Each structure stands twice: as C-alpha cells, then as structure tokens.
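The next block holds one structure in the form of structure tokens; read it before the comments.
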Amino acid sequence: MPSPFEGKRVLITGGSSGIGAGLAEGFASAGAVVGIAARRHDRLAGVLERCRATSPGSAMWAVDLNEPDAVDRLASEAVDALGGVDILINNAGIPKRRHLSRLDITTVESVMAINYLSPVRLTLALLPAMLEQGSGHVAWISSVAAPLSSPGEAAYSASKAAVSVFAETMAVDLWDSGVGVSVVYPGVVDTELFTLPDNDPFTGDVESIPVAEAVTTIMDGVAAGALSIYVPAYFAEFAAQKAQDVDRFLAGTAEYVRSRTGRG
Ligand SMILES: NC(=O)c1ccc[n+]([C@@H]2O[C@H](COP(=O)([O-])OP(=O)(O)OC[C@H]3O[C@@H](n4cnc5c(N)ncnc54)[C@H](OP(=O)(O)O)[C@@H]3O)[C@@H](O)[C@H]2O)c1
324 MPSPFEGKRV LITGGSSGIG AGLAEGFASA GAVVGIAARR HDRLAGVLER CRATSPGSAM
384 WAVDLNEPDA VDRLASEAVD ALGGVDILIN NAGIPKRRHL SRLDITTVES VMAINYLSPV
444 RLTLALLPAM LEQGSGHVAW ISSVAAPLSS PGEAAYSASK AAVSVFAETM AVDLWDSGVG
504 VSVVYPGVVD TELFTLPDND PFTGDVESIP VAEAVTTIMD GVAAGALSIY VPAYFAEFAA
564 QKAQDVDRFL AGTAEYVRSR TGRG
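Those letters in the sequence shown? Residues 324 to 587, by this note's numbering.
So this is what it looks like as structure tokens:
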C-alpha cells in the first residue's frame, strides 16, 4: 500500500530528541520530506542525517522557539526550503513538575510561552498558505496532563489544556477548509523529558512506552485524520471517567497522591 505521507512536506518542532526525533525519522521513512527545529544543533544534525538516509531533501533549523522572531523566521525559511508545509507537528515543549506551593508566576509564564504561545504563533504563520491551497494538517502534541489535571504539574497541565482547546476550536473553525487538526495526548513515553533539570522528580507509576510505539500511534492517527489521539489508547478511558464525574476523579487523584507521598 502506498504511504499516505509520500512527498508530503512535514515540519516538526522539537525534532532533536524524544517523540519529535522519532516522528522525524518515521515520516522520512514514510516518504515525507522533513524539516526539524530545536535548539541543540548537534542533536538535530544526528537526527537529520538519519532522515536524509531515506529523505535527502530534509532540512533542519537550530532555533530557540521561545523567541517570537525566530518562530516567524522558521515559518518562512521552512516554506522556502521545503517548498511549503503540508503537515505541521507542534511537538516542542518542556515539562514542569513543581508542586503548587512552590510555583511562581514567572515559571508559569515561561511554560506557557514555549508550550502554548510558540506553537500558536507558528501555526498562525503557516495557516494562510494551507488555507489558500485548501489542504494541510496541524498535529498538536498535548498531554494526558491536560484532561487529567496531573498532580504537581499545574503550569504544565494548563499549558497543554490551552493547546488542546485552541486546537479543538481551530478544528471547528476550519471544519470544511481542507485543513485537518489532530490533538495528541501522550501518557508516559520514555524520553529525556523525565530527566530535565529544574523539575520535581517524576513519581508516577504509569508504565512508560517506547518512543517507537508512540510514533506509530501518532502517524496512524494523523494518516486517519483523527482529531484526538491518545497514546496509549486506554488513556481516553481515564479522560472520559474524569469528564463524567470531576469531583470524584480529583478526590481519587488526591487520595492516590497522599497514599504515595503522605501529602495532599
Ligand atoms: N514523554 C512523555 O511522556 C510526554 C507525555 C506527554 C506529552 N509529551 C510532550 O511531547 C513533546 C515532546 O517531548 P519529549 O517527551 O519527546 O521530550 P524531549 O525529548 O525533551 O523533547 C522536547 C523537544 O522540545 C524541544 N524544545 C524544548 N524547548 C525548546 C525551545 N525553547 N526551542 C526549541 N525547541 C525546544 C527540545 O529540543 P532542544 O532542547 O534541542 O531545544 C526537544 O527536541 C513535548 O511537548 C511534551 O510536553 C511528552
């Protein structure tokens, strides 16, 4: 069966490691021309070399997506280098595991800037061309922290909730435009996200899945045009349980945290 991504031009932020690097290699092997962006030049170069083995036209940009000008430059340079962008994967992001009692507003703002404002800015920059050509797809890597309100992650969960709601509203506004939207809800994927400094230790006991499994689920979901993609799929059940009875779900979460840490 021919690949649905053959010849597609795919721009992936946060392509230097983890899920973004895995997606870059996955899309390149599936026949797409891939553009990757992140800060670490050396790590991007390694990923790009592997992408070019199957997709020689692939390209990279070493940029700090916290800088609005850099986001705008990335949008226009990616269009020039790739000849356009058919699929945008808003994947770059940072964790923030910090108990609310130790959270400050500067931290909240910085998480919102990279996890929410930056991908919104990039999307708005690339959207007019997608709308003009009447086709395109934007996939947003949110997190199960958004629907589940993960304990000790208020800043992070809220940034991902903003991403999810923006993306869902975008899907409604653009329903008949030919531009599709996917919101991806990973659970725990085995990446460097859990070892980054300036975060509380990760204390969850959810089994992690390998990047390759997440990549397959995300690519299958995007190929199918799925609006919500849970990774793994069983997290959709938890989200539904919470939506059904928020009070009960949050009481259960608080009880779980107390039993594990002795803290509410
Ligand atoms: N792993 C999980 O269990 C999990 C669960 C739910 C959601 N997610 C989401 O999945 C996405 C990818 O995370 P990951 O798990 O693959 O972790 P990761 O390996 O740490 O990847 C994060 C990526 O974002 C990039 N990035 C961070 N800040 C940036 C900045 N200011 N400018 C440009 N790029 C930046 C990083 O590149 P540089 O450091 O090179 O800039 C890296 O490529 C994130 O949005 C994360 O919130 C992950």
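All C-beta atoms, glycine included, are put in the ideal place defined by N, C-alpha and C. Note that the structure is predicted; figures quoted are calculated from it, not measured.
Leu-423 sits in a helix when the DSSP states are folded into three classes.
In this structure, the straight-line span from the alpha carbon of Ser-339 to that of Arg-362 is close to 8 angstroms. A Cβ-Cβ separation of about 20 angstroms leaves Ala-436 out of contact with Leu-334 under the 8 angstroms criterion. Pairwise C-beta distances place the region 498 to 513 in contact with the region 437 to 457, as three or more of them are shorter than 8 angstroms. Assigned with DSSP and collapsed to three states, Ala-382 falls in strand. By the Cβ rule, the region 369 to 388 does not count as touching the region 424 to 434, because fewer than three pairs are nearer than 8 angstroms. Secondary structure note for Pro-509: its beta strand (DSSP E) is the uninterrupted segment 502 to 509. Distance from the CA of Pro-325 to the CA of Ala-546, rounded to the nearest whole angstrom, comes to 12 angstroms. Residue state for Thr-336 is assigned as strand, using DSSP reduced to three classes. Distances from the alpha-carbon of Asp-523 to those of Ala-490, Gly-475 and Arg-366 put Gly-475 closest. Straight-line measurement puts the Cα of Ile-410 at about 12 angstroms from the Cα of Ala-347. Annotation for Ala-355: Phe-328, Lys-331 and Val-333 place their beta carbon closer than 6 angstroms to its own, counting only its chain and skipping 5 residues before and after. DSSP lists Ala-385 as the bridge partner or partners of Ala-361.
Excluding its 5 nearest sequence neighbours in each direction, Cys-374 has C-beta neighbours in its own chain below 7 angstroms: Ala-347, Glu-348, Ala-351, Val-357 and Ser-381, listed in chain order. By the Cβ neighbour-count rule, Ala-481 is buried, with 16 or more other Cβ atoms within 10 Å of its own. Of the heavy atoms belonging to ligand 1, none sits nearer than 8 angstroms to the Cβ of Leu-471. With a cut-off of 8 angstroms on Cβ pairs, the region 484 to 497 is not in contact with the region 512 to 526, counting fewer than three such pairs.
Our two residues, Val-408 and Pro-442, have alpha carbons roughly 15 angstroms apart in a direct line. Within the region 446 to 471, complete alpha helix (DSSP H) segments of at least 4 residues are found at 468 to 471, given in chain order.
Here the C-alpha atom of Asp-395 lies approximately 15 angstroms from the C-alpha atom of Ala-415. The DSSP-derived three-state label of Tyr-557 is coil.
The Cβ atoms of Ala-353 and Val-386 do not sit closer than 9 angstroms to each other. Distance from the CA of Pro-418 to the CA of Ala-404, rounded to the nearest whole angstrom, comes to 31 angstroms.
In this structure, Arg-421 has its CB at a distance of at least 8 angstroms from all heavy atoms of ligand 1. For Asn-522, the three-state secondary structure derived from DSSP is coil.
Per DSSP, reduced to three states, the secondary structure at Val-545 is helical. In the DSSP assignment, Ile-412 falls outside any alpha helix (DSSP H) and lies within the beta strand (DSSP E) extending over 410 to 413. Between ligand 1 and Asn-389, a heavy atom-to-CB distance of less than 8 angstroms is present.
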